[in-house]
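Encoded as structure tokens, the structure appears first; notes follow it.
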Amino acid sequence: MDVVQILLSLSLGLGLAAACGFRVFIPPLMMGVGSRLDLY
Numbered sequence: 003m004d005v006v007q008i009l010l011s012l013s014l015g016l017g018l019a020a021a022c023g024f025r026v027f028i029p030p031l032m033m034g035v036g037s038r039l040d041l042y
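When you read off a place in the sequence shown, starting at 1, and then add 2, the result is the number in my numbering.
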């Protein structure tokens, strides 16, 4: 996967988390990062 796409996904996830509250978006963000890094 392209590094730019990973950085865009992370920044979008963190932006949503900051806008709406971290507790809502952190678990899906961590699952998405883990799946993109083939940890799951």
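We treat Cβ as the ideally placed atom computed from N, Cα and C, and that holds for glycine.
{"query": "Need the endpoints of the alpha helix (DSSP H) that Gly17 sits in, please.", "result": "Val5 to Cys22"}
{"query": "Does the separation of the CB atoms of Ala19 and Ile28 fall below 8 angstroms?", "result": "yes"}
{"query": "Which value, in whole angstroms, describes the spacing of the CA atoms of Leu41 and Gly17?", "result": "23 angstroms"}
{"query": "Please tell me whether Leu12 and Val26 are closer than 8 angstroms, where the distance is taken between their beta carbons.", "result": "no"}
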